[in-house]
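S.K.: Counting in the numbering used here, the sequence shown runs from 350 upward without gaps.
Where a beta carbon is used, it is the ideal one built from N, C-alpha and C, also for glycine.
All figures in this text were calculated on a predicted structure; none of them were measured in a lab.
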Amino acid sequence: MSTVTTVNVTNSPWTNMDYDYIIQELKKVEMNTSSNQYKNHIWMTYFITYFIVLILAVPLNFTVIVIICRKYKSFQEVAIWIMALAVTHLVSCTSVVFQLLYVYNEFKWNYGNASCKLSSYVTYGSMFFTATMLSLWSIKSTLKNMCTKKIKNCNIILISFSWTIAAVLACPSLLSREIRYLQCIDDYDLDKSRTTQDGTARLKAVVVMRFLLGLVVPALVMFLSCCVTSHKLCKLCRKQAQIICAIKIAYFVCWAPQIILTMLQATVSGSLGENMPKYGLPVATVLATTHLFTIPLIYLLLGRSFKMRWMEHDPDHTENRIDRVPLGNFNH
350 MSTVTTVNVT NSPWTNMDYD YIIQELKKVE MNTSSNQYKN HIWMTYFITY FIVLILAVPL
410 NFTVIVIICR KYKSFQEVAI WIMALAVTHL VSCTSVVFQL LYVYNEFKWN YGNASCKLSS
470 YVTYGSMFFT ATMLSLWSIK STLKNMCTKK IKNCNIILIS FSWTIAAVLA CPSLLSREIR
530 YLQCIDDYDL DKSRTTQDGT ARLKAVVVMR FLLGLVVPAL VMFLSCCVTS HKLCKLCRKQ
590 AQIICAIKIA YFVCWAPQII LTMLQATVSG SLGENMPKYG LPVATVLATT HLFTIPLIYL
650 LLGRSFKMRW MEHDPDHTEN RIDRVPLGNF NH
């Protein structure tokens, strides 16, 4: 026989409430618990990733710079481009420091409006520089038998041009980034009290520009250059080509998810669903940050030399010798 337990609810605050209201209140409690768990997970993801990035990126890029300065003072064809990448990524680590402190303080920005703007500016400046530099490097390699050999300091000019382009394309961060309720956010509205159509249009223009100039155009340039470039390479040339190709692939793997998801969120956010912005964007953001240490790891792992001797080889000099040296001499 079943027993019935009677509960006295005369003095209960729920006595005069319907069950629908009680269910809604319980759902709110569950949602709050779930929200706290989500915030904790995101906090841990950001904090651990940024910490690892700093631990690896700073010493690795600094080591690359030191090795190039000590061993390759004449700046061989490849070394000068690698040097430019390492310097840019080392400077970009300053923005990761601020992001780490931002996460540590539970997403409260206490470091001033200028640092808020510069942190984003340096991040996207690094992205645009890498994309532009790799594109110009690909074009230069394709045209190395034409006009580029006639231009003195061609590599320095192209690298400087890449920095200039990156500085210009990253400017939206200086204009839109600001502190709102202790958070460092993007705000493209001139009216700070509400979201306007003009502000939304500016946001869409910026994210589409980043998609086109940071992803589509560089991918097209690198692909076409790869198709045009001669594949008659010596052993050391092939090794260099593999490392440079890996650098390009790493850029797209690290940055493509963040660029694409940010653009989709700004343009077709209604069709993304709830989980994509909630979980996809944080993962894409930390993946983009790992680009700072992924590149120097490629130098060491694929180059299989801590001194990075693969940069000693100048493919232009090899090509000049091919016409003069018998093929049999390359067997040594």
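Between Thr-394 and Val-635, how many whole angstroms is the CB-CB distance? I'm expecting something under 8 Å.
M.R.: Between Val-635 and Thr-394 the Cβ distance is about 6 Å, and since that is below 8 Å, they are a contact.
S.K.: Since Thr-639 and Cys-603 are thought to touch, with beta carbons under 8 Å apart, how far apart are those beta carbons, to the nearest angstrom?
M.R.: About 6 Å; that satisfies the 8 Å criterion.
S.K.: Distance check for Ile-608 and Ala-568, CA to CA, integer angstroms please.
M.R.: In a straight line, the C-alpha of Ala-568 is about 13 Å away from that of Ile-608.
S.K.: Please look up how many angstroms separate the CB atoms of Phe-477 and Leu-518, rounded, as I've assumed it's under 8 Å.
M.R.: Between Leu-518 and Phe-477 the Cβ distance is about 4 Å, and since that is below 8 Å, they are a contact.
S.K.: Helix, strand or coil for Cys-533? Go by DSSP, reduced to three states.
M.R.: Residue state, collapsed to three classes: strand.
S.K.: Could you check the C-alpha separation between Leu-507 and Met-612 for me, to the nearest Å?
M.R.: Straight-line Cα distance between these residues: approximately 29 Å.
S.K.: Taking all protein chains shown into account, do 16 or more other C-beta atoms lie within 10 angstroms of the C-beta of Thr-544, making it buried, or fewer, making it exposed?
M.R.: Exposed, by the Cβ-count rule.
S.K.: Assuming contact is defined by CB atoms lying nearer than 8 Å, are Lys-597 and Leu-483 in contact in what I supplied?
M.R.: Yes; because the gap between Cβ atoms is below 8 Å, this pair is in contact.
S.K.: Using the C-alpha atoms, what's the distance from Leu-651 back to Arg-587?
M.R.: Taking the straight line joining both Cα atoms gives about 12 Å.
S.K.: So, at 6 Å on beta carbons, what are the nonlocal neighbours of Pro-521 in its own chain, with the 5 sequence-adjacent residues on each side left out?
M.R.: Excluding positions up to five away in sequence, the list reads Val-555.
S.K.: Span of the alpha helix (DSSP H) holding Ala-428?
M.R.: 428-453 is the extent of the alpha helix (DSSP H) around Ala-428.
S.K.: Please classify Thr-513: is it buried, with 16 or more other beta-carbons within 10 angstroms of its beta-carbon, or exposed?
M.R.: So Thr-513 counts as exposed.
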